[in-house]
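Just below is one structure, and these are the notes that go with it.
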Amino acid sequence: MRMGFRWFGEGNDTVTLDQIKQIPGVTDIVWSLHDVPAGEEWPMDKILEVRDQAAKAGLAIDVVESVNVHEDIKLGLPTRDKYIENYKRTIQKLGQVGVKVICYNFMPVFDWLRTDLHKELEDGSTALFYEKSKMADLDPFELVRRINENSALTMPGWEPERLAHLTKLFEAYKSVTEEHLWQNLSCFLSEIIPVAAANGIRMAIHPDDPPWPLFGLPRIITGQDNLRRFLKLYDSPYNGITLCSGSLGANPANDIVAMIHEFADRIPFAHIRNVRVYENGDFVETSHRTQDGSVDIAGIVKAYHDIGFTGYARPDHGRHLWGEQCRPGYGLYDRALGIMYLWGLWDAYQRGASIERGNEA
Ligand code: DNO
11 MRMGFRWFGE GNDTVTLDQI KQIPGVTDIV WSLHDVPAGE EWPMDKILEV
61 RDQAAKAGLA IDVVESVNVH EDIKLGLPTR DKYIENYKRT IQKLGQVGVK
111 VICYNFMPVF DWLRTDLHKE LEDGSTALFY EKSKMADLDP FELVRRINEN
161 SALTMPGWEP ERLAHLTKLF EAYKSVTEEH LWQNLSCFLS EIIPVAAANG
211 IRMAIHPDDP PWPLFGLPRI ITGQDNLRRF LKLYDSPYNG ITLCSGSLGA
261 NPANDIVAMI HEFADRIPFA HIRNVRVYEN GDFVETSHRT QDGSVDIAGI
311 VKAYHDIGFT GYARPDHGRH LWGEQCRPGY GLYDRALGIM YLWGLWDAYQ
361 RGASIERGNE A
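When we follow the numbering used here, the leftmost residue of the sequence shown carries the number 11, and every step to the right adds one.
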């Protein structure tokens with residue numbers, strides 16, 4: 011397992027590369043060009059700038075999260091072709107600088123969604139929260155305003171230019187069913203996976219977060235059956251999954267350990283985080299520790315260990331601790347604590363496995 015840490019770029023993150031490199035066992039930043047709108051080809055000079063900044067700190071840039079997919083591709087509009095061509099050229103450029111994994115998602119209009127970015131927990135820390143009953147009468151426009159209001163930093167997936175045409179987008183999606191979305195995804199994969207393969211890059215789709223439809227918009231990357239269907243759309247090791255335990259874990263019916271075993275050779279990238287799910291369907295993000303939430307993080311790390319996982323992992327969102335002012339979900343402290351928990355589990359399983367091997371010998 012190789013450990014990465016999401017970094018939003020110089021001037022767009024409260025966490026510095028010097029801080030990241032002091033977290034034990036972190037070799038990679040997980041990065042993106044957050045100022046390039048979805049659908050545009052990434053400029054090489056900007057890619058090289060990040061590569062050089064990371065290299066100076068001794069960190070690799072193997073994992074990009076995300077190259078966002080333009081809505082016209084998800085909608086299957088004729089205009090998608092030019093955006094698919096741009097996507098291919100971006101893949102080629104990323105291949106040239108040694109990128110190995112590209113994370114992306116296929117969620118219509120909205121990316122991840124929460125109703126509260128600073129819900130206070132019992133211990134006084136705050137965290138991202140989803141309150142089911144609030145969703146019923148939540149105005150999507152109000153939500154966009156709220157997500158962006160307090161932040162001088164970009165909110166991943168909520169870039170204002172992407173959401174500027176909200177009314178038009180909702181109108182356009184009226185006729186798009188889940189089956190249409192599957193077809194549009196299949197078309198996208200058939201175009202880009204061969205290019206990714208030729209450039210040594212494994213594409214890794216991120217599950218929908220939360221994994222159910224919102225505001226009447228379809229969502230399809232939601233659980234084990236749909237992930238199986240997804241992998242069959244294009245059967246290649248270059249067509250893979252970012253297995254996000256927090257996104258999938260918001261639905262208690264999802265058995266993430268079973269998914270790790272079933273999809274073992276198709277998971278180039280793991281997002282590991284915990285959520286506490288309440289009986290009424292609300293969920294809050296917690297510390298990574300198994301006992302603090304509803305997701306069996308210890309079992310998940312064991313499953314990765316058991317399959318001999320050699321891919322990339324990162325702690326996902328953290329709580330906001332010790333007065334830290336940061337991008338919601340992306341502070342330094344709780345994610346660093348999460349990493350140490352993940353390494354602790356990993357090393358214990360490693361040690362256990364070698365003792366077992368010794369006993370067998
Ligand atoms: C939010 C993230 C998502 C994720 C994308 C992947 O914090 O987990 O925005 O990066 O869905 O494409």
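Idealized CB from N, CA, C, for every residue including glycine.
DSSP, reduced to helix, strand and coil, places lysine 98 within a helical segment of the structure shown.
At a cut-off of 6 Å, the beta-carbon of histidine 128 does not count as near the ligand DNO: no heavy atom of the ligand is closer than that. A check of alpha carbon separations from serine 42 across Gly35, Trp52 and Pro34 identifies Trp52 as the nearest. Cβ atoms of glycine 259 and valine 305 come within 8 Å of each other, at about 4 Å. Short note on tryptophan 353: C-beta not closer than 6 Å to any heavy atom of the ligand DNO. Around the beta-carbon of arginine 283, 16 or more other beta-carbon atoms lie within 10 Å, marking it buried. With 16 or more other CB atoms across the displayed protein chains lying within 10 angstroms of its CB, isoleucine 57 is buried. If you draw a straight line from the Cα of valine 73 to the Cα of glycine 328, it is about 20 Å long.
In the assembly as shown, glycine 321 is a buried residue. Its beta-carbon has 16 or more other beta-carbons within 10 Å.
Between the stretch 289 to 302 and the stretch 268 to 276 there are fewer than three inter-stretch CB-CB distances shorter than 8 Å, so the stretches are not counted as touching.
Contact check for tryptophan 353 against glycine 134 fails: the beta carbons are separated by 7 Å or more. The three-state secondary structure of phenylalanine 120, taken from DSSP, is coil. Contact between alanine 214 and isoleucine 251 holds, since their C-beta atoms are separated by about 6 Å, short of 8 Å.
For glutamine 29 against leucine 342, the beta-carbon gap comes to about 6 Å, under 8 Å, which counts as contact. Each residue's CA atom was taken as its position, placing histidine 175 and tyrosine 97 some 21 Å apart. Proximity of the stretch 116 to 134 to the stretch 165 to 172 meets the contact definition, three or more beta-carbon pairs being nearer than 8 Å.
No residue range can be given for proline 53, since it is assigned to no alpha helix (DSSP H) and is classified by DSSP as neither H nor E. With respect to the 7 Å criterion, tyrosine 140 and phenylalanine 293 are classified as neighbours on the basis of their beta carbons.
Between isoleucine 101 and alanine 206 a beta carbon distance of about 5 Å is seen, short of the 8 Å cut, so the two are scored as contacting.
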